[in-house]
Each structure stands twice: as C-alpha cells, then as structure tokens.
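Chemist: Residue 352 is where the sequence shown ends in the working numbering, and the numbering goes up by one at each step.
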Amino acid sequence: MKIVYSEGHRSHDPQTFIHRGRLVQSPERPERAEMLLLSAIAAGHQPIEANRADASVLTQVHTARYLDFLENGINEWVALPNAGPEIVPNTHPNRFASHYASHIVARAGFHQADTACPVGRGTWAAARSSIDVALNVGDLIAGGARRAYGLCRPPGHHACTEMAWGFCYLNNVATLAESLRMKGAERIAILDVDIHHGNGTQQIFYERPDVLTVSVHADPDGFPVFFSGYADEIGAGRGEGFNLNLPLKHGSDDTAFVDAIRMGMQKIEGFAPDILLVALGLDAYRGDPLSVFDVTAEGFRRAAQVIDDCARPIAMLQEGGYPCPELGDNLVAFLGAMEG
C-alpha cells in the first residue's frame, strides 16, 4: 500500500502538556510518526513523501481568524513580556462571554480548548504539512487507488471550526472530505475508530447530509473529550440522522470493538458513499499510554477486515496512537488486513 508522509511534522515538538495538574512530556511527539513510518516500510509498504498541496479548501473547514491565529499568533505571543516559547492558554471564555477579544492571551483561550495543543514556532508548518499528506492521499484515491494511507502528524479529528483541541490543530479528515466533495464526490462517509471521540469532525459536519460521520470510541462520561460523543448526538437540521456515535464501556475488548465497527459499517453501507475516509486511531490498544480499552493487534486486524469489505475506495488518515513498543505492529496489522 502507498504510505504518504511528510518530514514537515518534525517542526512541531510540543514541550507543554499538563496532565492532572502536572507538567509532563506530551505523548504526541515526533517519535510516534517515526515509529509508524519505519514499521510500515519494514512491512513492505511504499513510502511517498507528500508534495505541497493547494490548501485553499481550508477556508471551507476553518474560519479565517482561526487560521490567522495558528499561523501568526506565535509572533504576538513571544513579544509579550516574560512570555514562554509556546502559546498555552490560561483563560477561556466561559459560557457567558459576549465578545471575541483581540489580545493574544484572549485569543489563545478562545482558540485552544486545552493545554494539549500548545502552539510553537513550528506548529503551523507541521499542521500544514499534515494537510498536505491528507490531500495527497485524496489525489491517490482520485487517481484510481482503492486504498491509501496518510501518516498525518499532528492528528486532526479534535480540531473544530475554530478551535484546537487534544493535540489537533487542523482537521485533516474533514479537509480531505471537503476537498473530495468540491471535486465532485456527492457523498462522503467518515469512520473514526480512535479511542477518543472525533468531536471536531462531528462539529464541522453536524448539520450536513452529504457527509456521514461515525465514531467508535470510549464512553466520554469520565474520559476525554468529556463533552461530546454520546449516542443521542445524531446531527441537527438537514444533518439529522447523519451522525452516529458508538461509545463503548471502558475495558472493552477486541470483540466489542470490532462489533461496534461492524455496526458503524452497516450505517455507512446504507448511506452508500462514493468514498470512505477512516480516521485511524491506534490508541484503543491495551498498551497505549492513553488507552482504557483492552484491544490487541488482532483486534485491529479484525477491524480492518470488516472495513475492507466496503467496495468503495478507502482513504485512511492517522489520528491517535502513542509511543509504546507495539505501536508500529498495530499499524502493520491494520494495513496488512486492508490489503487482504
């Protein structure tokens, strides 16, 4: 299988991550992409470095003020007296806020949902290179490839219209979906199998009937992202019925994980999309540092077999999956079954 990647991800090396009140090393660091790429190459997959893509479609997914914040906000931030090297929010607009304030500290609180998405000097370049990967995968699919994988880093499925969240800045899978729609695909389905709810993707398409969003993830009542991912979220307006959440109890094993994916695929088959996009998280693995599931490499292999039954072209983009000895093995198990 063709594996699209970009060396541009290396410019994003976050130094700030606050976990339960402690400053700790971020699990979303450059080595995770290196582990995944080396494992895929060793398994015989074909690496292709992404070309720079026309990303004007980003303005259809994210707001202009948000894109400006990601690209240029760091310059205002470091000009502040005694500022640190990364934008990290220390205040957020609460539910009673009435204005979008212009000060960079206020904009940080507005555009960054948590401390897991600090913005440094290299963050925009890396996030933009991740979009290149996604759009290059789209070109492969448009060119006739039946299956293709993009090693996107940083990931994207938590990024909302104008908010970074949970390691994510630009929503890669939403951008690819919008690009494919603009190029003529009438119906796109997105299947998200990350252990964390694909809240950004859901928010972006929640009122649209042309993009079906399905997310299999851990029960958010007691697990990030906490505030969305519940089964009663089905879409709104013209998008009602085009969002499906399949939350699973903590401790779920291979069988529960694969059964939920099978249920999601049934919804997708009924939707009859032109193209299926898979937001591929590997953090459901039992040994992943962020996991609350008991999924094994065999579970990823079985999940891929269920997904691969889809007769439509499938583009896979990397989401979560964090440094552990088996990270690359889990990707290889999934991609190997997709080639079957």
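The C-beta atom is built at its ideal place from N, Cα and C for all residues, glycine as well.
When the distance is taken between beta carbons, is Asp231 closer than 8 Å to Pro259?
Modeler: Their beta carbons are under 8 Å apart, which means Pro259 touches Asp231 by this criterion.
Chemist: Could you check the C-alpha separation between Val90 and Ala45 for me, to the nearest Å?
Modeler: Rounded to the nearest angstrom, the two C-alpha atoms are 28 Å apart.
Chemist: Please return the same chain residues whose Cβ sits closer than 7 Å to the Cβ of Ser264, not counting the five positions on each side in sequence.
Modeler: Within the same chain, Ser264 has close Cβ partners Phe305 and Asp306.
Chemist: For Pro3, collect the residues of the same chain with a Cβ closer than 6 Å to its Cβ; drop the 5 residues on either side in sequence, then sort them by chain order.
Modeler: An answer regarding residue 3 cannot be provided, because it is not within the stretch 13 to 352 covered by the chain.
Chemist: Find the nearest neighbour of Ala67 within the set Thr127, Ala137, Lys14 and Ala113, judged by alpha-carbon distance.
Modeler: Selected option, being the one with the closest Cα: Ala137.
Chemist: Closest to Asp222 by C-alpha separation, out of Gly241, Glu198 and Asp204, would be which residue?
Modeler: Glu198
Chemist: So what's Val344 in DSSP terms, helix, strand or just coil?
Modeler: helix
Chemist: Would the beta-carbon of Pro26 fall within 8 Å of that of Pro130?
Modeler: Yes, they are a contact pair.
Chemist: Consult DSSP for Gly162 and reduce its assignment to one of helix, strand or coil.
Modeler: strand
Chemist: Closest to Val228 by C-alpha separation, out of Ile216, Glu219, Tyr242 and Tyr218, would be which residue?
Modeler: Of Ile216, Glu219, Tyr242 and Tyr218, the residue nearest in Cα terms is Tyr242.
Chemist: Identify the continuous alpha helix (DSSP H) that holds Lys279 and give its terminal residues.
Modeler: Asp266 to Phe283
Chemist: With 16 as the cutoff for other CB atoms within 10 Å, does Glu190 come out buried or exposed?
Modeler: buried
Chemist: When the Cα of Arg165 is compared with those of Asn342, Glu351, Glu338 and Gly332, which residue comes out closest?
Modeler: Gly332
Chemist: With distance defined between alpha-carbon atoms, name the residue in Leu92, Tyr78 and Asn148 nearest to Lys14.
Modeler: Asn148
Chemist: Are the CB atoms of Thr28 and Thr127 within a distance shorter than 8 Å?
Modeler: yes
Chemist: What's the call for Ala296, buried or exposed, on a 16-neighbour Cβ count within 10 Å?
Modeler: buried
Chemist: Looking at the strands, I want to know which residues DSSP matches up with Lys14.
Modeler: Gln58
Chemist: Rounded to a whole number of angstroms, what is the C-alpha to C-alpha distance between Pro325 and Arg220?
Modeler: Rounded to whole angstroms, Pro325 to Arg220 spans 22 Å at the Cα level.
Chemist: Contact defined as beta carbons within less than 8 Å: I believe Ser18 pairs with Val145. What is the distance between those atoms, to the nearest angstrom?
Modeler: 5 Å
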